[in-house]
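Using the numbering used here, the first residue of the sequence shown is number 71, and each one after it goes up by one. All C-beta atoms, glycine included, are put in the ideal place defined by N, C-alpha and C. These figures come from a predicted structure and were not determined experimentally.
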Amino acid sequence: MDSPSPSAACSDTPDTPNMSDDDEPSISEDIDGTISKINAVIVVINDKSNIPRNFKMLTRQLYLISKIFENTETYIETANETTKTDLALTIKKWKYKAMDLYDLFVLEDCYSQLDKSIQVIKWFLDNLKGIVTKFPETTTSRSKEALAKAIKEVTQMESESFSNTDDLRRQTFTHFGSGPRSGHQNITTGNSNQYISVGGNQINGPGTQYIGTNFIA
71 MDSPSPSAAC SDTPDTPNMS DDDEPSISED IDGTISKINA VIVVINDKSN IPRNFKMLTR
131 QLYLISKIFE NTETYIETAN ETTKTDLALT IKKWKYKAMD LYDLFVLEDC YSQLDKSIQV
191 IKWFLDNLKG IVTKFPETTT SRSKEALAKA IKEVTQMESE SFSNTDDLRR QTFTHFGSGP
251 RSGHQNITTG NSNQYISVGG NQINGPGTQY IGTNFIA
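Structure (structure tokens):
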């Protein structure tokens with residue numbers, strides 16, 4: 071048997087793939103992984119019963135996100151190396167964020183995580199807006215319009231979510247029943263007298279009101 075030639079047996083330059091061969095599968099795999107997780111979240115939501123209206127709205131945004139990801143993947147197939155490099159880091163972050171989103175929705179009490187879910191989905195929408203603005207050919211004009219509408223809807227949901235959270239925080243300062251809360255505080259609801267006192271005596275009811283030295287936050 072003929073022995074291999076020196077040039078074939080040992081080469082000074084290792085046979086490494088070029089940048090496009092090395093990077094394209096990595097970007098494609100990251101996008102595929104992201105789409106897979108997003109679609110899994112959609113399945114989880116659809117499988118749950120008694121879905122709140124806000125979660126149904128989030129499902130609609132997830133369909134749009136998945137669609138734009140698919141369009142981006144198609145765009146990358148013919149993009150130049152500079153564009154691929156520019157997109158690579160952002161797309162890798164997509165994959166990890168998609169895992170965070172999936173972890174939120176697989177929880178039995180996922181409905182209590184609405185604010186976190188909104189924040190992650192808004193993160194995706196904002197990132198996609200940056201990409202379609204910088205690279206207009208990544209998706210269609212119709213998808214861009216839908217993306218702008220989705221960002222507006224989710225931003226409003228986020229604002230309402232924070233507002234509800236603030237309401238809950240304010241409610242925590244109300245103590246019903248008898249017992250200490252930053253000093254002796256007794257609040258009785260109903261037709262009887264109401265007592266609120268910290269460092270003094272204050273009686274609110276149908277009769278005489280006594281006001282002492284009180285500090286009520």
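Between the alpha carbons of S136 and T129 lies a gap of roughly 11 Å. For V202, the three-state secondary structure derived from DSSP is helix. Contact check for E228 and Q189: beta-carbon distance about 7 Å, within the 8 Å limit, so the pair qualifies. By the Cβ test, the region 148-159 is not in contact with the region 106-119, since fewer than three Cβ pairs between them sit closer than 8 Å. For K118, the secondary structure class from DSSP, reduced to helix, strand or coil, is coil.
Here V224 is buried. Its C-beta has 16 or more other C-beta atoms within 10 Å.
By the 16-neighbour rule on beta-carbons within 10 angstroms, Q131 is buried. Annotation: T104 to V113 spans about 14 Å, alpha carbon to alpha carbon. At a Cβ-Cβ threshold of 7 Å, D100 and K162 count as neighbours.
CA-to-CA, the gap between E140 and E230 works out to about 31 Å.
Here DSSP, grouped into helix, strand and coil, assigns A149 to coil. By alpha-carbon distance to L174, the top candidate from S187, Y166, W164 and K165 is S187. With a beta-carbon spacing of about 20 Å, L217 and I115 fall beyond the 8 Å limit used to define contacts. Contact between L195 and I221 holds, with the beta-carbon distance rounding to 5 Å and staying under 8 Å. For V176, the closest C-alpha among the options R123, N124, M127 and D117 is that of D117. Taking the Cβ atoms as the reference, I97 lies roughly 6 Å from I146, within the contact range of under 8 Å.
For T152, the number of other beta carbons within 10 angstroms of its own is below 16, and it is reported as exposed. When secondary structure is reduced to three states using DSSP, V176 falls in the coil class, being assigned neither helix nor strand.
Counting of Cβ neighbours within 10 angstroms places T208 among the buried residues, the total reaching 16 or more.
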